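*Asks:* Protein chains in written order, with the working numbering: chain A, 1 to 285; chain B, 1 to 597.
Just so it is clear, CB atoms sit at the ideal spot from N, CA and C, and this is done for glycine as well.
In this text the structure is predicted, and so the values were computed from the model without any measurement.
Pasting a structure below so you can have a look.
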């Protein structure tokens, strides 16, 4: 395996070679979501879909996870009735015609973490189409706000304001720590932690995240991006998995992809992604 | 308009007295109107006179009534003979062109017989039934309900049974004699008192006693046979059912499932009693002429479009759903908050939405969302405080759809702070939006609904502040209290025409109003702080616009008068009734949140 000898710590802009690694990991994760989405049919359950993603990625040589794959169907895409974190885990709910679904997977590929979210629908759903169309606005608002040097909290509030105007519920609020984004890093090769997950989250990745959180907390920066007291600084340079998640009635939609934050700017790592292609196909700008 | 009278020979040498307005000469469609029991063709005169300028109108006395001859045998009054009579009148008055048939009461029963049997095939272009069902249809209707005896169905059966007491009575010996021994003489007064039908020189006819007595044969000759041995009776003729909801003899429920027999069906409910052609001749003439014109090739009027049974009823709305007829919904302040949530809550089951807001972008956004939920929707820009703008909106709605079914006067603004610091401009602004907006919406759309006579709902969004006095928001509470009183008064006024008026009184709802409320008597900075604090409080309270929208739909479905939404609103309402003194004491507390994040 080739790659940079040293593991980069959070807080530095990634090197070009690392960007290629992250991009490849992200492409593989989206390919997995699209491949599994193509097999979905009425009656398939969330558990079966999540297991299919896991199998697909394992066949591609993935052994390490930032978190195990998630799948949400129907109004669970909008996290309706979620009161406890265990409800995020895949259930036996079967997919039906017209139902929206979200596939979310976070494989570690050659040490590079991807974390992606893919929203689709079995058949037609005009309400979901509207939310998916509108998500483009959030992709623009986030990157523009980060470029302008806004704090994590201000970016979060800009997303809230847009959602309020458009009449959506902000559903990333339901995630643990109410995060709209979290940092991802190149994983150290720690043989003891490799492949191990606890409650669906990879031990190595989560440990890194928590270490960074503890260090940054006092400085008002956090690898967990929300609107709280630890998000008063602009996001640190590095890779961020950003996941704006909107809910409207029984429909939820999100995208999740990697944002590159550099010392003096920010950009989306890759534009060749399913949701971006969808906007282009529908002529949405 | 002059009319001609002549005799036409019907079935079995019965002579029928026919009255005609106008002639077929200039290509006018012929409308044949058939009266019921115990009437004569005079029953139709007010409607016929209104139709006469544009149509060739034909009325006749059914055998046994008025100036027509009366066969003696009961069996001579069987439906078969009545249809033969109708066919003879049609052939005599419009030999070359199919007629447009209109029936009331027994005239409607005959009409169903005529459109669902072969005798007059091709001779009837359209049929308007001032609703009474075909006897076979009624039998099938009852049988279906006995087979599925749900509480709802049993209630419907009981409702019709109560209305049909006289049918049973007419089968008893001596029923006819009753008419000759005084009922006939008293009939005009009875009809006026119970049915509010004013007698005239020609109506009820002088022959009422004899007509009433002979007409009993109609029941005896037909009811038993048809109700015990019904046949399936479909028709392909376009049918318009005008269903009076206050009918003491025919239950509106009998028109449920009519599309099974008449797939080409328009159905309109009218808040009126049994003698609709006498009490509301303008409305009946207008509905008949809209329908005849449409069948003759004119485009559907907005009312017809909305009353068509079939396409517009198949958008996931159950036939027994009470919201079924509440199909055009106007919401003011629909660009956000409670207004948007309400518009979308009505859109989801398929109502047509008119989203009105002062902000065109916000209104358009709501319309877009309603469309995504599968509803037809329209965005309109309006300042509810502006009488002319509201009149323009009302005119546009009436022109586009006819009167709306539900109007939600929701647009409102907030104002907080002491009355002594509230300027005249402040007062005018909040009175304009919160009170005048509701006044305009109520008076303009209320009039449209009242004239249409198909009921409707006016929902006024007041506030828990309407019954919770406080030094914190005197101007706001004043406007909302006025809205509540307006609603209660209007409810009384419109109850007689079947229009429900509802006040919704929400507590602290998490919407943009918390950040747009003007706080008087403080600096801009302090106002900004108070807005943030209020927004935080409201967010923590967590009462959503969707919950208020759900309460509005429920109020409309169940006819609730005043609906407090949220525990604080219910508590406030209870306290205002139990202890006004405690309420006054609470009013001294300044409730405006001062803490800030």
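#1: For residue 177/A, is the classification buried or exposed, using 16 other Cβ atoms within 10 angstroms of its Cβ as the cut-off for buried?
#2: Could you list the residues in the stretch 371-404 of chain B with a C-beta less than 9 angstroms from some C-beta on chain A, going in chain order?
#3: Within the same chain, show all residues whose beta-carbon is closer than 8 angstroms to that of residue 96/B, passing over the 5 residues directly before and after it, in chain order.
#4: For chain C, is any of its Cβ atoms less than 7 angstroms away from the one on residue 167/A?
#5: Mind listing the chain B neighbours of residue 129/A? Cutoff is C-beta to C-beta under 9 angstroms, in chain order.
#6: Does residue 531/B have its Cβ less than 7 angstroms from a Cβ in chain A?
#7: With which residues is residue 575/B paired in a DSSP beta bridge?
#8: In the DSSP assignment, the beta strand (DSSP E) including residue 6/B goes from what residue to what residue?
#9: Over what stretch of residues does the beta strand (DSSP E) that includes residue 240/B continue unbroken?
#10: Going by the beta-carbon positions, is the gap between residue 102/B and residue 288/B smaller than 7 angstroms?
#11: Using a C-beta to C-beta distance shorter than 8 angstroms, which residues of chain A count as neighbours of residue 368/B?
#12: Just to confirm, are residue 116/A and residue 22/A a CB contact at a threshold of 7 angstroms?
#13: Which word fits residue 186/B, buried or exposed, when buried means at least 16 other C-beta atoms lie within 10 angstroms of its C-beta?
#14: Just to confirm my understanding: we take residue 19/B, look at its own chain, exclude 5 residues before and 5 after, and list those with CB closer than 8 angstroms. What are they?
#15: Mind pulling the chain A residues with CB within less than 8 angstroms of residue 512/B?
#16: Express the C-alpha separation of residue 403/B and residue 12/B in angstroms, rounding to a whole number.
#17: Check each candidate in 83/A, 60/A, 96/A and 158/A and name the one with the smallest Cα separation from residue 110/A.
#18: On the three-state DSSP scale, how would you describe residue 426/B?
#19: Quick one: what's got a C-beta closer than 8 angstroms to residue 66/B's C-beta in the same chain, skipping five residues either side?
#20: Ignore the nearest five residues each way along the sequence and tell me which others in residue 274/A's own chain have a CB closer than 7 angstroms to its CB.
#21: What does residue 443/B reach in chain A if we use C-beta pairs closer than 9 angstroms?
#22: Which bits of chain B does residue 96/A rub up against, with CB to CB less than 8 angstroms?
#23: If you drop the 5 nearest sequence neighbours on each side, which residues of the same chain put their C-beta closer than 7 angstroms to that of residue 591/B?
#24: DSSP beta-bridge partners for residue 108/A?
#25: I need the DSSP call for residue 289/B, collapsed to helix, strand or coil.
#26: Could you pull the DSSP bridge partners for residue 461/B from this structure?
#27: Quick check: is the beta carbon of residue 126/A nearer than 7 angstroms to any beta carbon in chain B?
#28: Mapping the DSSP letters down to three states, classify residue 439/B as helix, strand or coil.
#29: Comparing C-alpha positions only, which one of 436/B, 142/B and 334/B sits nearest to residue 511/B?
#30: Which residue wins for smallest C-alpha separation from residue 35/B, given the options 524/B, 73/B, 82/B and 500/B?
#31: Label residue 278/B either buried or exposed according to how many other C-beta atoms from any shown protein chain fall within 10 Å of its C-beta, with 16 as the threshold for buried.
#32: Out of 15/B, 52/B and 26/B, state which residue places its alpha-carbon closest to the alpha-carbon of residue 32/B.
#33: What runs of the alpha helix (DSSP H), each 4 residues or longer, lie entirely inside the stretch 201-276 of chain A?
#34: Got a sec: which bits of the stretch 525-556 of chain B sit with their beta carbon under 8 angstroms from any beta carbon on chain A, in order along the chain?
#35: Per DSSP, what kind of secondary structure is residue 34/A in: helix, strand or coil?
#36: Measure the C-alpha to C-alpha separation of residue 77/B and residue 147/B and round it to an integer number of angstroms.
*Replies:* Here's the rundown:
#1: As a working mapping, residue 177/A is identified with position 177 in the first chain. It is exposed - the Cβ of residue 177/A has fewer than 16 other Cβ atoms within 10 Å.
#2: For the stretch 371-404 of chain B, which is checked against every Cβ of chain A, the residues closer than 9 angstroms are 371, 372, 373 and 374.
#3: Here residue 96/B refers to the residue found at position 96 when the second chain is read from its first residue. The answer, listed in chain order, is 24.
#4: Checking the listed chains, one finds no chain C in this structure; the protein chains it contains are A and B.
#5: Numbered from its first residue, the first chain carries residue 129/A at position 129. Under the 9 angstroms cutoff, chain B gives 372.
#6: Residue 531/B sits at position 531 when you count from the first residue of the second chain. For residue 531/B, the closest Cβ of chain A is not nearer than 7 angstroms.
#7: Within the second chain, numbered from 1, the residue matching residue 575/B stands at position 575. Per DSSP, none; premise fails for residue 575/B.
#8: On the second chain, position 6 is the one that residue 6/B refers to. Per DSSP, residue 6/B is one residue of the beta strand (DSSP E) stretching across 3-9.
#9: Translated into the one-based positions of the second chain, residue 240/B becomes position 240. Segment 239-244, the beta strand (DSSP E) holding residue 240/B.
#10: By 1-based counting over the second chain, the position of residue 102/B is 102. By 1-based counting over the second chain, the position of residue 288/B is 288. The beta carbons of residue 102/B and residue 288/B sit closer together than 7 angstroms.
#11: Within the second chain, the letter at position 368 stands for residue 368/B. Within chain A, the residues near residue 368/B are 130.
#12: Position 116 of the first chain, counted from the first residue, corresponds to residue 116/A. Position 22 of the first chain, counted from the first residue, corresponds to residue 22/A. Taking a C-beta distance under 7 angstroms as the contact criterion, residue 116/A and residue 22/A do not qualify as a contact pair.
#13: One-based indexing of the second chain puts residue 186/B at position 186. By the neighbour-count criterion, in which 16 or more other beta carbons inside 10 Å mark a residue as buried, residue 186/B falls on the exposed side.
#14: Indexing the second chain from 1 puts residue 19/B at position 19. Cβ neighbours of residue 19/B within its own chain (closer than 8 angstroms, five residues either side excluded): 3, 4, 5, 41, 48, 58, 59 and 60.
#15: On the second chain, residue 512/B is found 512 positions in, with the first residue counted as 1. Result: 164.
#16: Indexing the second chain from 1 puts residue 12/B at position 12. Indexing the second chain from 1 puts residue 403/B at position 403. Between residue 12/B and residue 403/B, the C-alpha separation is close to 48 angstroms.
#17: Taking the first chain and counting its residues from 1, the one referred to as residue 110/A is at position 110. Comparing C-alpha distances from residue 110/A to each of 83/A, 60/A, 96/A and 158/A shows the shortest one belongs to 60/A.
#18: Locating residue 426/B in the second chain gives position 426, counting from the first residue. Looking at residue 426/B - three-state DSSP - the assignment turns out to be helix.
#19: Residue 66/B sits at position 66 when you count from the first residue of the second chain. Hits under 8 angstroms: 17, 40, 41, 42, 205, 207 and 211.
#20: Taking the first residue of the first chain as position 1, residue 274/A is located at position 274. Cβ contact annotation for residue 274/A (same chain, cutoff 7 angstroms, sequence separation greater than five): 30, 34 and 118, in chain order.
#21: Numbered from its first residue, the second chain carries residue 443/B at position 443. Simply none; closest approach about 30 angstroms.
#22: Stepping through the first chain from its first residue, residue 96/A is reached at position 96. Here the premise fails: no neighbours, minimum Cβ distance about 15 angstroms.
#23: Counting from one through the second chain, the residue named residue 591/B turns up at place 591. 470 and 472, listed in sequence order.
#24: The residue labelled residue 108/A in the question sits at position 108 within the first chain. Per DSSP, 64/A and 113/A.
#25: On the second chain, position 289 is the one that residue 289/B refers to. For residue 289/B, the secondary structure class from DSSP, reduced to helix, strand or coil, is helix.
#26: Counting from 1 along the second chain, the entry for residue 461/B is found at position 461. Note: residue 461/B is bridge-paired with 504/B in the DSSP secondary-structure output.
#27: Against the first chain, residue 126/A aligns to sequence position 126. For residue 126/A, the answer is yes, since a Cβ of chain B falls inside 7 angstroms of its Cβ.
#28: Here residue 439/B corresponds to residue number 439 of the second chain, with the count starting at 1. Residue state, collapsed to three classes: helix.
#29: Counted from its first residue, the second chain places residue 511/B at position 511. Answer by Cα proximity: 334/B.
#30: Reading the second chain from its first residue, position 35 is the one you call residue 35/B. Of the candidates 524/B, 73/B, 82/B and 500/B, the one whose C-alpha sits nearest the C-alpha of residue 35/B is 82/B.
#31: Sequence index remark: in the second chain, residue 278/B carries index 278 (1-based). Buried, since its Cβ has 16 or more Cβ neighbours within 10 Å.
#32: Counted from its first residue, the second chain places residue 32/B at position 32. A check of alpha carbon separations from residue 32/B across 15/B, 52/B and 26/B identifies 52/B as the nearest.
#33: Runs of the alpha helix (DSSP H) spanning 4 or more residues and lying entirely within the stretch 201-276 of chain A occur at 203-217, in chain order.
#34: Answer set for the stretch 525-556 of chain B: empty.
#35: The residue labelled residue 34/A in the question sits at position 34 within the first chain. Three-state DSSP puts residue 34/A in a helix.
#36: Here residue 77/B is taken as the residue at index 77 of the second chain, counted from 1. Here residue 147/B is taken as the residue at index 147 of the second chain, counted from 1. Distance between the alpha carbons of residue 77/B and residue 147/B: 32 angstroms.
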